[in-house]
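Peer 1:
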Amino acid sequence: EYPMDGKYPQFYFFSKVYHPLVDPQTFELDLGSKFPEWKAGRDQLAKILVFMKRIFYAKEKDFLSTMNMDMVPNKEALYLYKHDKKAFMKKVSACVEESLERRYVNEKNSTIIFTEPKPAHDKIRNSILSHQR
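Note that the numbering used here has the sequence shown beginning at 93, numbered continuously upward.
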């Protein structure tokens, strides 16, 4: 039903992400807390990508402190974030390690494919960087 008003897109992670706003069963990111009233034309996918980037930065997580349990899909993650940051970070680190181990495993029919670095990548990277200076 997206992009109709009130119907924001759904975002799923391919691997486990330990975060209060990510459902631990489906890996879906809860966008309703940020975009409770999606308006086609006003709200854009770029806004969601910025939101996704911000929720993983420590200084941007302060908004999680104001959330209560009925607002998030991963209640355990919110509880640990508020009451035991060490345990929270341990679970986050485990997810990051698992993700790094799978970084070159691509989902079937995915439009984005990740591969191990190759010499050709260095040439392209260096060319891009030389034009930015």
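Note that the Cβ used here is the ideal one computed from N, Cα and C, for glycine as well.
Any idea if P112 is buried or exposed, counting beta-carbon neighbours within 10 angstroms, 16 or more meaning buried?
Peer 2: Under this definition P112 is a buried residue.
Peer 1: Does DSSP classify Y171 as helix, strand or coil?
Peer 2: Helix.
Peer 1: What residues match up with D176 in a beta bridge as DSSP calls it?
Peer 2: In DSSP, D176 forms no bridge with anything.
Peer 1: Using 7 Å as the threshold, is the C-beta distance between F105 and K126 below it?
Peer 2: In this structure, K126 does not lie closer than 7 Å to F105 by Cβ.
Peer 1: Does the count of Cβ pairs from the region 175–195 and the region 126–135 closer than 8 Å reach three?
Peer 2: The region 175–195 is not in contact with the region 126–135.
Peer 1: If I'm right that V109 touches P165 with Cβ under 8 Å, what's the distance once you round it to whole angstroms?
Peer 2: Actually they do not touch by this definition, with Cβ atoms about 11 Å apart.
Peer 1: Alpha carbons only, please: which of E168, F103 and K167 is nearest the one belonging to E120?
Peer 2: Closest option to E120, Cα to Cα, is F103.
Peer 1: Suppose the cutoff is 7 Å on Cβ atoms and the five residues either side in sequence are ignored; what does the same chain contact list for R194 look like?
Peer 2: Same-chain partners within the cutoff: S107.
Peer 1: With distances taken between CB atoms, is the gap from Y196 to F206 smaller than 7 Å?
Peer 2: Cβ distance < 7 Å, so Y196 and F206 count as in contact.
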